[in-house]
Structures are given as structure tokens and as C-alpha cells.
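Taking it in order: structure first as C-alpha cells, then the write-up.
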Amino acid sequence: MPLLAWLAMGVGLQTPDTYTLLREAMVRQHIEARGVRDQAVLNAMRSTPRHLFVPAALRDAAYLDGPLPIGYDATISQPFIVAWMTELLQPSPSLRVLEIGTGSGYQAAVLSPLVRQVYSIEIVPELAAQARERLGRLGYRNITVRAGDGYAGWPEEAPFDRIILTAAPAAIPNVLLAQLAKGGRLVAPVGPGRNQELVVVVRDAGGGYRRENVGAVLFVPMKPEKR
Ligand code: SAH
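Counting in this note's numbering, the sequence shown runs from 31 upward without gaps.
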């Protein structure tokens, strides 16, 4: 940790500047050190104020590398996992992205400077409303949040160049695979209960799907489809 951040913490100061230093340390120690290399992704992690996406009482824990509770059984994901999934998504400025599981809006905010447009669906209406308000207040202009069920995807805006799930379904919903553009990529935690794998699906130009498991993860389960 930089000397200044350490000193500021020592005297109990939490100025905005301190958060910037803590964030810089987080990116170096937990994200770069663990193998995330994409400079644009690292810059997005450096510039996204995670402390403004967590409950006020947890602000000082915002730059530790762990998930934090945000109410309604939801969590804001661990920063390393957010960075890793964002890198796996291979974002680029012309692309339109669908996110399932808005939660706090943090993952959407990290994606915002990296892509053209983010569409994000959250099943808990209160979380959707909070995230929409927060993202608006912080000046994010290319994120659209909808309260709804991720199992349905967002047919009006499909197909998407990229799809990211931040809640884990037991299996990747076919509806979402169908809403992935040809040449697109989907990144999702998949699996029943706590037995989850991070999965990358690449859709080729002909429309075929190739799937790769890249490691074990632990996300909140995706709430089942309403019937
Ligand atoms: N990406 C979030 C973390 C999300 S935690 C962030 O950056 O803060 C997972 C979120 O998925 C929770 O908010 C949960 O309510 C939501 N979720 C669970 N099941 C869902 C479903 N079927 N459709 C949409 N959202 C869902």
C-alpha cells in the first residue's frame, strides 16, 4: 500500500483521495498480481469508485478484495472476479452488452467506459431502482437498467455482442444463448448450489457455440424463472 494511504488510514482519514490510493493498491495487489493484463480493464477498475456502490457502513471495506452484502440476498462481487470476467468478455468500444444481475450496478459501471452500451436486468425491483438512481447520479450515460427476469433476456434489444451473468443459473439459459450475436461471447458462473464453474461461450460466425470452463467461482444463485 502506498505510504500516503497507509498514513491516512492510520489517522482515520477517509478523504476521496484516500479512496483513490486504496483503489490503486487494490488493482496492483489483487488484480494485476493475479494475472489480469488488459490495460483498458485495469484502467476501468482504477476509475470506478466501488466505495459508492456499497452500503455507506461498508465503505472502508470497499477496496479489500472480497464480496460485500448489498441487501436483498445480493452481493457486490469480489473486485478480482469483476476484473477477470470483464477481461474474459473482451470488451471493445463498438459493442453492446447484456448483463444479468445488476445488483449494485458496479459491474455495469466497470463495463461502461469499455463498450458502447450496457443493458442490465435485475430481478429485485428495489435494487434495480437503486442502481438506476446511483448510476445516473454518478454520470453513467450508456447503461440502461430494467427490473425483470434475466431468464427472459432482453428480446427488444437482442442480439448482444456480449452477455455477462453475475448470478449463477444451474445451466446457461437457451434464451440467452439465442440472444448472443454471431461472433459474440458470453461469460457466466454456472452450476447448482455452491458447485459453480466460470464458463465462457463463444458463438462463431456460422452460429455454432463453443464452451470452455475457466475456473471455480461462487456467485449467488440465479432466482428461478417465474412460471
Ligand atoms: N453485478 C452485481 C452483483 C450482482 S449479485 C454488482 O456488480 O453489484 C447477483 C444479482 O443477480 C442480485 O442482485 C440478484 O438479485 C440478481 N438476480 C438473481 N436472479 C436473477 C434473475 N433471474 N434475473 C435477474 N437478476 C437476478
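We put the beta carbon where it would ideally sit given N, CA and C, even for glycine.
Around the beta carbon of Leu210, 16 or more other beta carbons lie within 10 angstroms, which makes this residue buried. Of the candidates Glu54, Pro251, Gly213 and Val205, Pro251 places its Cα closest to the Cα of Glu227. Sequence-distant partners of Tyr170 (beyond 5 residues in either direction) whose C-beta falls short of 7 Å from its own C-beta, in its chain, are Ala139 and Ser142. Going by beta carbons, Phe83 and Ile106 fall inside the 8 Å limit. At least one heavy atom of ligand 1 lies closer than 7 Å to the C-beta of Gly180. Less than 8 Å separates the beta-carbon of Val220 from that of Pro199.
Sorting Pro85, Ser77 and Val217 by C-alpha distance to the C-alpha of Asp47 places Ser77 at the top. Relative to ligand 1, Ser124 has its C-beta separated by 7 Å or more from all heavy atoms. Per DSSP, the unbroken beta strand (DSSP E) holding Leu128 starts and ends at Arg126 to Ile130. Contact check for Leu207 against Val231 passes: the beta carbons are separated by less than 8 Å. Under the criterion of beta carbons closer than 8 Å, Leu125 and Val71 do not qualify as touching, at roughly 14 Å. Remark: the C-beta of Ser134 is in contact range of ligand 1, defined as less than 7 Å to any heavy atom. Measuring C-alpha to C-alpha distances from Val148 to each of Gln108, Asp68 and Asp191 identifies Asp191 as the nearest. Taking a C-beta distance under 8 Å as the contact criterion, Val217 and Leu119 qualify as a contact pair.
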